[in-house]
Amino acid sequence: MLRTAIRFPFITTPVFSASRQTRSILTAVINATDGLTESQSEIYNLAKRFADQELKPNMKKWDEESYFPVGTMKKAADLGFAAIYCSEELGGSGLTRLDASLIFEAMATGCVPTSAFITLHN
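Residue 1 is where the sequence shown starts when you use our numbering, and the numbers rise one by one after that.
Given below as structure tokens:
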């Protein structure tokens, strides 16, 4: 099944998770932190938790109301998701481009426009 999913990523045969929600094959078989260092996994998991708790529950409402979540952006900045590439001496996170891509990817699981905004302004 994994080989099929890799060769034909457009196949979206539904599978069931414990919560009875359907997901595509790819999201069911791929762990986003496979192959990452411990530090990279921590970065990804922090961003993913933030996306699940702060972005995902609100994304539909924000989109429908054309709302910009300033408070949520401040929370993201407090976690180190702003000034990602700036050195720590200058008040940034001092992370690499790979670290940043992990943050952006994880946040996009909660709200793509918010993740895109953070991507553009880093």
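For each residue, glycine too, the CB sits at the ideal point set by N, CA and C.
None of these values were measured; they are calculated from a predicted model.
Pairwise C-alpha distance: residue j and residue i
| i | j | result |
| --- | --- | --- |
| A106 | A100 | 10 angstroms |
| A76 | S39 | 18 angstroms |
| E65 | E89 | 39 angstroms |
| T72 | L55 | 8 angstroms |
| L102 | F68 | 23 angstroms |
| G92 | A32 | 25 angstroms |
| P57 | S41 | 23 angstroms |
| K112 | G94 | Inspection of the sequence shows that residue 112 is occupied by Val rather than by Lys. Distance between the alpha carbons of V112 and G94: 24 angstroms. |
| N138 | F81 | Since the displayed the chain opens at 1 and closes at 122, residue 138 lies outside it and no answer follows. |
| A83 | Y44 | 17 angstroms |
| T96 | V70 | 25 angstroms |
| K74 | F50 | 12 angstroms |
Proximity below 9 angstroms, CB of residue i to CB of residue j
| i | j | result |
| --- | --- | --- |
| T109 | D63 | no |
| L98 | L46 | no |
Buried or exposed (CB count within 10 angstroms, at least 16 for buried), residue i
| i | result |
| --- | --- |
| I6 | Residue confidence for I6 is low, a pLDDT of 45 falling below 50, so the modelled location carries little weight and cannot support an answer. |
| T114 | buried |
| Y85 | exposed |
| K48 | buried |
| I30 | exposed |
Range covered by the alpha helix (DSSP H) that runs through residue i
| i | result |
| --- | --- |
| T109 | Careful: T109 lies outside any alpha helix (DSSP H) and carries neither H nor E. |
Worksheet item: What are the uninterrupted segments assigned as alpha helix (DSSP H) that are 4 or more residues long and contained completely in the region 47-93, given in chain order?
Response: Given a length threshold of 4 residues, each whole run of the alpha helix (DSSP H) inside the region 47-93 is given here in chain order: 59-65, 70-78.
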